[in-house]
Each structure stands twice: as C-alpha cells, then as structure tokens.
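S.K.: Residue 1 is where the sequence shown starts when you use this note's numbering, and the numbers rise one by one after that. From the three backbone atoms N, C-alpha and C, an ideal C-beta is built for every residue, glycine too.
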Amino acid sequence: MKQNKLAIIPVMLCFFAMGFVDLVGIASNYVKADLGLSDSIANLLPSLVFFWFLIFSVPTGMLMNKIGRKPTVMLSLLITLVSLLLPLFSDTFAVMLISFSLLGIGNALMQTSLNPLVSAIIKGDNLASTLTFGQFIKAIASFSAPYLALWGAVAAIPTFGLGWRVLFLIFLVAGVLSTVLLGITHVDEEPSDSSSSFVDCVKLLSRPIVLLCFLGIICHVGIDVGTNTTAPKILMERLGWTLNEAAFATSLYFIFRTAGCLTGSLIMRVVKPRIFFAVSAVMMVASMVLLFVGTLSIALYVAIALVGFGNSNVFSIIFSQALISVPDRKNEVSGLMIMGLFGGTIFPLLMGFATDACHLQAGAVAVMAIGVVYLILFTKNIKQ
Numbered sequence: 001m002k003q004n005k006l007a008i009i010p011v012m013l014c015f016f017a018m019g020f021v022d023l024v025g026i027a028s029n030y031v032k033a034d035l036g037l038s039d040s041i042a043n044l045l046p047s048l049v050f051f052w053f054l055i056f057s058v059p060t061g062m063l064m065n066k067i068g069r070k071p072t073v074m075l076s077l078l079i080t081l082v083s084l085l086l087p088l089f090s091d092t093f094a095v096m097l098i099s100f101s102l103l104g105i106g107n108a109l110m111q112t113s114l115n116p117l118v119s120a121i122i123k124g125d126n127l128a129s130t131l132t133f134g135q136f137i138k139a140i141a142s143f144s145a146p147y148l149a150l151w152g153a154v155a156a157i158p159t160f161g162l163g164w165r166v167l168f169l170i171f172l173v174a175g176v177l178s179t180v181l182l183g184i185t186h187v188d189e190e191p192s193d194s195s196s197s198f199v200d201c202v203k204l205l206s207r208p209i210v211l212l213c214f215l216g217i218i219c220h221v222g223i224d225v226g227t228n229t230t231a232p233k234i235l236m237e238r239l240g241w242t243l244n245e246a247a248f249a250t251s252l253y254f255i256f257r258t259a260g261c262l263t264g265s266l267i268m269r270v271v272k273p274r275i276f277f278a279v280s281a282v283m284m285v286a287s288m289v290l291l292f293v294g295t296l297s298i299a300l301y302v303a304i305a306l307v308g309f310g311n312s313n314v315f316s317i318i319f320s321q322a323l324i325s326v327p328d329r330k331n332e333v334s335g336l337m338i339m340g341l342f343g344g345t346i347f348p349l350l351m352g353f354a355t356d357a358c359h360l361q362a363g364a365v366a367v368m369a370i371g372v373v374y375l376i377l378f379t380k381n382i383k384q
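Here it is, written out as structure tokens:
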C-alpha cells in the first residue's frame, strides 16, 4: 500500500505532461501570424487537436480493459513525445497539422487513462479534490506555454533558431522525464472484468446523468480552448496590441485557472460540490458579459481572470460525478467523458466562423456564452 501511495508522485508529473495540449492556443496564434492565416483556418489547429478525442477516447477505455491503465498512459506519453519532436525540424503548416494531430491523439489516450489511474491510488471522497490537484499541476504547464513562446520569440539569447517553437523543445525534455519516472514506478491496479464493446460503451450515454456529464465536459472544454485561443485576439482587436503584447492574456487565463485548481482542491474538502460549482458558473457568466462589452484593459483582464478561476474546477467535478454514477464501469465512463473533449473542436470552429461573419471577436464570445448557460443549468444535477 505504501508503494502504491507513492505512485501519485509520477502520476502528478504526467498531469504536467497532459498540460502540453494547451500550447495549441498560443501556438495557433503564432502560426496564424507567421503564415498569414484567417481566423477560420488558424482555429483549425486547436480544433484538429481535439477532434481526435472523438475518435480515440472510447477505444482507449476498451484498451485499458485489455492492457491496463499504466501501459495506456505510457503509450500516450510516447505519442506526445513524437508530436513535440516534429516542430523542431520544420514550421510548415503541414508539419504543424501532423504535430497537432499526434498531440491530440496522445492527449486523448492520456486523459482517458490517467484519471482512472488516479482512482486506483486515491479512494473515496478525496478523488475529486485529487483530480483537481492534478488539474493544478496540468495548469502549470498550460500557463507557462505562452511565456515560453514569448521568450523564444523575443529572446536576446540563442534559442537554437527555433524562435517561439522553443517551447516544444522544453516540453519535450519534461515529457521524457515524466515517461521515465512513470515507467519505473509500480502501480497496483484492480483487474478489470469488463469486456465491453464500443456499442456497449456508447450505450452508457442512455443514462441521463452520464449524458448530462458528457455535454458538460463538451461545454467546459469549449470554453477553455475558446478562451485560450480568443483572449489574445480580443486584446489585439480592442486595445490595438501586437501579438507579443497580447500573448499575456493566455497566461493570465491559466494563472487564474491554476490558482482555482489549487484552492479548489482544498475548498472541495469542506464545501459541497454543488455550491462550489454554482459559484464557479456565476463567475463565468460575469466573465462573458465583460468579454462581450469590455473595452478597457482592466475590464478585459478581470473577465479573463474570472473565466480562468471559474472554469478551473468544472472538469474534475463533472468527471467525478460521472465516475460515481457508474462505479463498475469506470474505464468506459472515463472514455466517454474524455470523448467530450471533442468540444475543443466544435467551439473553436464555430467561434472562428462567428468571428469571420461579424468581423468582431464578440461573435466568438457569444458562442462561448452558450456553453456557460448550459453549465448554469447543469448545476442542479450535481449530487450534494
């Protein structure tokens, strides 16, 4: 048991590797600037990353039943390392498409298998708070990505000629460390007696709470990726800033998301999930209003901070509610919930089209607001 408890350390490092996927927001902005792309085409990059969650999440749940959760996480890390390696050799749009696709595939496998792996180590009521702490570790990688890209873009010291792409090199080194440490760590997993087919997994969506949680994950990720991608564009549009100046917006979002994950992991030990979720949703409502009408830097900063803090604990609460609702099918439920990350494809595409249609970033904000409304309505479904 002592050895199994210590396994949480390398598992938390894997949460850091999970955060690599959030580099797509700032990376897509730099690719757009480098290649002169429209919003619709540039948003294809983050959309492509999260498209693979639709394809691979449920099969990954079935794969875990066959080979186990830790081997599945190891496979995801190896795919992620390849995705980070490719941009070091070329910055063409084709290479970026391949890199982002592999990043999405690796992350789909990782998010599907890593959360259930935590449930093999942490039992009982502490699961939600532990998953939230994992999101805190993930958020450290998320908010560091824009700073690393900015540093690479303006650094006075050599960055191997990579410019903003130096962030791929730094994350590659961290990913290798996570892979090695998890590989040498023993994790006790309960054997799976499930041999569900793809159809059996999808049928779980016929359970109302599972379906509602699935839609909640779609909205959460849509808001997350949407803010990650759109926040710098809003500052550039309304304040006339350059991309390097506006890149801070993405970091600001993840700084407050990180703070929200850290405090949330503590607050949820004493506050009922429904109350905490409701407060988080109200914060996001206020954020959408400010993002839609705000024209001053302070108002936009407050809006970005509110959506970052408010959205920080939504995933862990919804995910834990789904696992609790079907305790004997955790692998399959995990696959379905992670398939909901497909929202990261739907929302940026719709936001890009809305922005191009009205020629204002307010169109993108309106799309995100739809997701916020759903989360408000979802609150009543959370168990006390």
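(1) To which residues of the same chain is S325 closer than 8 Å at the C-beta, ignoring the five residues directly before and after it?
(2) Nearest to S99 by CA position, among T345, S265, V49, D39, is which residue?
(3) Go through its chain and collect everything with a Cβ distance to A278's Cβ below 6 Å, but skip five positions before and after it.
(4) At the level of alpha carbons, what is the spacing between L44 and V225?
(5) Tell me the start and end of each unbroken alpha helix (DSSP H) in the region 225 to 259 that is at least 4 residues and wholly inside, in chain order.
(6) For the region 10 to 88, list the alpha helix (DSSP H) runs that are entirely contained and at least 4 residues long, ordered along the chain.
(7) Alpha carbon to alpha carbon, how far is L262 from T130?
(8) Output yes or no for whether 8 Å exceeds the beta carbon distance between M337 and N311.
(9) Beta-carbon separation of I218 and G343 under 8 Å?
(10) Helix, strand or coil, according to DSSP, for M268 in the structure here?
(11) How do the region 99 to 109 and the region 227 to 234 stand: do at least 3 beta-carbon pairs fall below 8 Å, yes or no?
(12) Once DSSP output is grouped into helix, strand and coil, what is the label at V326?
(13) Does the separation of the CB atoms of T385 and F51 fall below 8 Å?
(14) Quick check on V187: does DSSP put it in helix, strand or coil?
(15) What do you get for P327, buried or exposed, if any count of 16 or more other CB atoms within 10 angstroms of its CB means buried?
(16) Using 8 Å as the threshold, is the C-beta distance between L103 and T80 below it?
(17) Here's the rule I'm using: 16 or more other beta-carbon atoms within 10 Å means buried, otherwise exposed. How should C14 be labelled?
(18) Using CA coordinates, which residue listed in Q361, G240, N228 is at the minimum distance from V307?
(19) Going by DSSP in three states, N313 sits in which element: helix, strand or coil?
(20) Please say whether G260 and N331 have beta carbons closer to each other than 8 Å?
(21) Kindly give me the distance between the Cβ atoms of I26 and A247, rounded to whole angstroms, as I take these residues to be in contact under 8 Å.
(22) Can you tell me whether K383 is helix, strand or coil according to DSSP?
(23) Do V31 and L23 have their C-beta atoms closer together than 8 Å?
(24) I need the boundaries of the alpha helix (DSSP H) containing I121, first residue and last residue.
(25) According to DSSP, is R207 part of a helix, a strand, or is it coil?
(26) Can you look up A369 in the DSSP assignment and give me helix, strand or coil?
(27) By DSSP, does M1 sit in helix, in strand, or in coil?
(28) Specify the secondary structure class of S197 as computed by DSSP and reduced to three states.
(29) Can you look up L162 in the DSSP assignment and give me helix, strand or coil?
(30) Helix, strand or coil for Q135, going by three-state DSSP, please let me know.
(31) For A364, which residues of its own chain have a beta-carbon under 7 Å away from its beta-carbon, when the five flanking residues on both sides are left out?
(32) Is F168 closer than 8 Å to S265 when the C-beta atoms are compared?
(33) Look at the alpha carbon of A149 and the alpha carbon of D39, and state the distance between them as a whole number of angstroms.
(34) Quick one: is T250 buried, meaning 16 or more other Cβ sit within 10 Å of its Cβ, or exposed?
(35) In angstroms, rounded to a whole number, what distance separates the CA positions of V270 and T258?
(36) Since I believe M268 is in contact with F276 (beta carbons under 8 Å), could you give me their beta-carbon distance rounded to a whole number of angstroms?
M.R.: According to the structure data:
(1) So the qualifying residues of the chain are R207, I209, V210, C213, V333.
(2) Of T345, S265, V49, D39, the residue nearest in Cα terms is V49.
(3) So the qualifying residues of the chain are T379.
(4) The alpha-carbon atoms of L44 and V225 are separated by roughly 12 Å.
(5) With a minimum length of 4 residues, the continuous alpha helix (DSSP H) runs that stay inside the region 225 to 259 are 243 to 246.
(6) DSSP runs (the alpha helix (DSSP H)) wholly in the region 10 to 88: 23 to 35, 39 to 42, 44 to 67, 69 to 85.
(7) Spanning the two alpha carbons is a distance of roughly 10 Å.
(8) Cβ atoms of M337 and N311: not closer than 8 Å.
(9) Remark: C-beta atoms of I218 and G343 approach each other more closely than 8 Å.
(10) Reduced to three states, the DSSP call for M268 is coil.
(11) They do not touch, by the three-pair rule.
(12) In the structure shown, V326 sits in coil (DSSP, three-state: anything other than H, G, I, E or B).
(13) Since the displayed the chain opens at 1 and closes at 384, residue 385 lies outside it and no answer follows.
(14) In the structure shown, V187 adopts coil according to DSSP, grouped into three states.
(15) So P327 ends up on the exposed side.
(16) Contact flag set, yes.
(17) Buried, since its Cβ has 16 or more Cβ neighbours within 10 Å.
(18) It is N228 whose Cα lies nearest to the Cα of V307.
(19) In the structure shown, N313 falls within a coil segment according to DSSP collapsed to helix, strand and coil.
(20) Inclusion of N331 and G260 in the CB contact set at 8 Å is not warranted, their separation being larger than that value.
(21) The pair is a contact, with the Cβ atoms about 6 Å apart (cut-off 8 Å).
(22) Three-state result, K383: coil.
(23) Contact flag unset, no.
(24) I121: not part of any alpha helix (DSSP H); DSSP gives it neither H nor E.
(25) The answer is coil: DSSP assigns R207 none of H, G, I, E or B.
(26) Note: A369 maps to helix in three-state DSSP.
(27) Note that M1 has pLDDT 41, beneath the 50 cutoff, so the model's placement of it is unreliable and the number below is only indicative. Three-state DSSP puts M1 in coil, outside helix and strand.
(28) DSSP places S197 in coil when its eight states are reduced to three.
(29) Of the three classes helix, strand and coil, the one that applies to L162 here is coil, per DSSP.
(30) Three-state DSSP puts Q135 in a helix.
(31) Cβ neighbours of A364 within its own chain (closer than 7 Å, five residues either side excluded): G226, T230, M351, A354, T355.
(32) When the beta-carbon positions are compared, S265 and F168 stay at least 8 Å from each other.
(33) When rounded, the distance between both Cα atoms is 20 Å.
(34) Burial is judged here by how many other beta carbons sit within 10 angstroms of a residue's own beta carbon; T250 has at least 16 and is buried.
(35) Straight-line measurement puts the Cα of T258 at about 20 Å from the Cα of V270.
(36) Going by Cβ atoms, the distance from F276 to M268 rounds to 6 Å, so yes, they are a contact pair.
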